[in-house]
Amino acid sequence: MATSVKMDDDTKSRFERLQAEIRLKTGRRVTQRDILARLVEQAIESKPDLIDSFREKRVPLAESEREKFHEGMVSSGVTTTEEDIDDVLSFDTDFDGLVDRIEPGF
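Count along the sequence shown starting at 1, add 227, and that's the number in the working numbering.
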């Protein structure tokens, strides 16, 4: 069953140029369906790269910016356990009891 794929004019034009270049270099007529199938096959083989290509690009912070960020962090001196985090996230806890464990006498 054939399904149409909508694409903008620029993408369609580049797709057609790719089709023409494949024909020139291989001497074979290749349908756009064949090209798309091959592209999908290759994308699946390198799925992590494809997924990463859609992630927002981030520029690494300079060391001075990283240090400035960490200057604002303060340790409370209280150790938070995984159970504490689970209790808060699941809302399955006595919050007063949790606060007493974290801030005795609060």
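Backbone N, C-alpha and C define an ideal beta-carbon position, used for all residues, glycine too.
Given this structure, state the Cα-to-Cα distance separating LEU316 from LEU266, to the nearest angstrom. The alpha-carbon atoms of LEU316 and LEU266 are separated by roughly 42 angstroms.
8 angstroms contact criterion, which LEU245 and ILE262 should meet: CB distance rounded: About 7 angstroms separates the two Cβ atoms, so the contact holds.
By DSSP, does LYS284 sit in helix, in strand, or in coil? DSSP places LYS284 in coil when its eight states are reduced to three.
Collapsed DSSP secondary structure at LYS233 in the structure displayed: Coil at LYS233, not helix or strand.
What residue range does the alpha helix (DSSP H) around SER273 cover? SER273 -> no alpha helix (DSSP H), and no H or E assigned at all.
With distance defined between alpha-carbon atoms, name the residue in THR253, ARG293, LYS295 and GLN259 nearest to VAL232. The shortest Cα separation from VAL232 among THR253, ARG293, LYS295 and GLN259 belongs to GLN259.
Please report the distance separating the alpha-carbon of LEU251 from that of ARG282. Spanning the two alpha carbons is a distance of roughly 35 angstroms.
Take THR308 and list the residues in its own chain whose beta-carbon comes closer than 8 angstroms to its own, dropping the five residues that flank it on each side. For THR308, where only same-chain residues beyond five positions count, there are no Cβ hits under 8 angstroms.
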